[in-house]
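Working notes, beginning with the structure itself.
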Amino acid sequence: MNIMIFTLFFSLKRKCNFPFLRLFFIRYLRGLLSLFLCLTSLLSGTAHSAEMSARKQIYAQALQAASADISQTAKNKNWQGYNVKMNIFIPAEVSRNKACLSELKVAAPMNGQRDLSRLRYDISCRDGVGWEVVVTVKPDIYLPVWVARNALERGRVVAAGDIELKKKNIATAQNGYITHPDEILGFTVKRRIRPLQVVTPSQLEQPVLVTRGQQVLMIAEQDGIEAKMLGEALKNGRKGELIKVKNLSSKRTVTAMVDDIGRVRMLGI
Numbered sequence: 001m002n003i004m005i006f007t008l009f010f011s012l013k014r015k016c017n018f019p020f021l022r023l024f025f026i027r028y029l030r031g032l033l034s035l036f037l038c039l040t041s042l043l044s045g046t047a048h049s050a051e052m053s054a055r056k057q058i059y060a061q062a063l064q065a066a067s068a069d070i071s072q073t074a075k076n077k078n079w080q081g082y083n084v085k086m087n088i089f090i091p092a093e094v095s096r097n098k099a100c101l102s103e104l105k106v107a108a109p110m111n112g113q114r115d116l117s118r119l120r121y122d123i124s125c126r127d128g129v130g131w132e133v134v135v136t137v138k139p140d141i142y143l144p145v146w147v148a149r150n151a152l153e154r155g156r157v158v159a160a161g162d163i164e165l166k167k168k169n170i171a172t173a174q175n176g177y178i179t180h181p182d183e184i185l186g187f188t189v190k191r192r193i194r195p196l197q198v199v200t201p202s203q204l205e206q207p208v209l210v211t212r213g214q215q216v217l218m219i220a221e222q223d224g225i226e227a228k229m230l231g232e233a234l235k236n237g238r239k240g241e242l243i244k245v246k247n248l249s250s251k252r253t254v255t256a257m258v259d260d261i262g263r264v265r266m267l268g269i
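Going by full-length UniProt numbering, the residue at position 176 of the sequence shown is 176; the numbering climbs one at a time, nothing skipped.
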């Protein structure tokens with residue numbers, strides 16, 4: 001068609017002796033040529049857009065699903081001040097898929113507990129023959145967590161000056177992390193923690209709330225009635241641990257659960 005317009009243009013230019021008509025036809029043919037080139041470019045761009053739209057649809061659905069999962073986890077764990085960078089991996093073969101005209105279906109594979117370091121989604125289209133792909137999302141989740149300000153040696157009781165908050169990528173924190181100060185302050189270091197190392201629950205043990213030979217308050221409860229008496233702890237105990245306690249009044253030895261500093265709760269009467 002370009003050749004036809006070009007030939008017609010020069011043919012009219014030779015045959016037309018009137019300057020006004022010649023100028024009119026030149027501008028008219030130039031307009032037709034510009035329109036043709038625009039249509040060609042538009043059709044080419046539309047085809048390219050259709051080819052890429054399936055990938056864009058998949059990307060958008062994976063991003064939405066991963067964002068929802070991380071947001072729910074953040075809500076459940078009461079994360080504060082976190083931010084996320086999504087790394088989405090889509091198989092190359094999706095370039096052969098046509099854009100889906102209906103809503104995409106997204107499902108997480110039934111593989112038990114979700115691993116935030118590697119989220120997988122089955123994304124499918126039900127149009128015609130349809131298609132299905134598995135997309136992997138590896139998010140970087142930066143959350144303020146407690147790290148050691150200086151080296152913390154084994155046996156040290158953690159104080160406020162020993163720790164500070166730093167944003168770390170927790171998606172790859174296999175040993176866990178701590179976000180609340182009441183889960184670290186007053187705890188005893190089980191093994192050495194390096195400066196600026198993320199403090200994990202496995203590195204700490206709860207403080208001893210009751211020591212052997214200490215006089216403790218024994219609390220017994222039944223049918224909504226609470227009774228208190230004094231006893232003697234027969235071993236050291238941390239919160240939630242079961243220890244033997246001797247009732248100083250009856251001289252009986254019972255099993256009780258450590259509840260707080262110098263306080264235990266009897267398991268049953």
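For each residue, glycine too, the CB sits at the ideal point set by N, CA and C.
Opening and closing residue of the beta strand (DSSP E) in which residue i lies
i	result
residue 287	Summary: the structure shown does not reach residue 287, with the chain confined to residues 1 through 269, and so no result is reported for it.
GLU221	215-222
MET229	225-233
ILE243	242-247
ASN97	ASN97 -> no beta strand (DSSP E), and no H or E assigned at all.
ARG83	One point to set straight first is that residue 83 is Asn, not Arg, in the sequence displayed. Run containing ASN83: 83-85, per the beta strand (DSSP E) assignment.
Rounded straight-line distance, which links the Cα of residue j to that of residue i
i	j	result
ALA47	PRO139	Summary for ALA47: the model assigns pLDDT 41, below 50, so the residue's position carries little reliability; its value from the coordinates is reported in the next sentence. Straight-line Cα distance between these residues: approximately 32 Å.
LYS77	LEU116	13 Å
VAL133	LEU242	52 Å
LYS239	THR255	14 Å
ASP182	LEU196	19 Å
LEU234	LYS75	42 Å
VAL135	ALA159	45 Å
VAL208	THR200	19 Å
THR188	LYS244	23 Å
GLN80	LEU143	7 Å
ASP122	GLN61	10 Å
PHE56	LEU185	Residue 56 is actually Lys in this sequence, not Phe. Their backbone Cα atoms lie some 47 Å apart in a straight line.
VAL210	ASP259	9 Å
MET257	ALA54	59 Å
LYS251	ILE225	22 Å
TYR82	ALA173	15 Å
ALA99	SER71	28 Å
ARG154	LYS167	25 Å
GLU93	ASP69	26 Å
ASN247	VAL264	12 Å
GLY45	PRO91	A caution first: GLY45 carries a pLDDT of 44, below 50, which makes its placement in the model too unreliable to give a value.
VAL198	MET218	38 Å
LYS85	ASN169	10 Å
LEU101	ILE141	33 Å
SER249	GLN214	15 Å
SER41	ARG96	Because SER41 carries a pLDDT of 48, less than 50, the predicted location of this residue cannot be relied on, and the following value inherits that uncertainty. The straight-line gap from Cα to Cα measures roughly 22 Å.
GLY161	GLY176	22 Å
ARG212	LEU165	36 Å
LYS190	GLU205	6 Å
SER202	ASP127	50 Å
DSSP bridge partner residues for residue i (one or two, in chain order)
i	result
VAL145	LYS166
SER202	For SER202, which the question treats as bridged, DSSP gives no partner whatsoever.
CYS125	TRP131
MET257	LEU242 and ARG265
THR188	VAL157 and GLU205
ALA107	ASP122
LEU152	ILE193
THR136	PHE89 and ARG120
With 16 other Cβ atoms within 10 Å as the buried cut-off, status of residue i
i	result
ILE261	exposed
PHE89	exposed
ASN87	exposed
GLY231	buried
GLY237	buried
ILE58	buried
ILE193	buried
LEU119	buried
VAL129	exposed
VAL157	exposed
SER49	Here the model assigns SER49 a pLDDT of 45, short of 50, so the residue's position is not dependable and the matter cannot be decided.
ASN150	exposed
ALA107	exposed
ASP223	exposed
GLN64	exposed
ALA227	exposed
LEU267	exposed
Any C-beta of chain C under 7 Å from that of residue i
i	result
GLY186	Any reference to chain C falls outside this structure, which holds one protein chain only.
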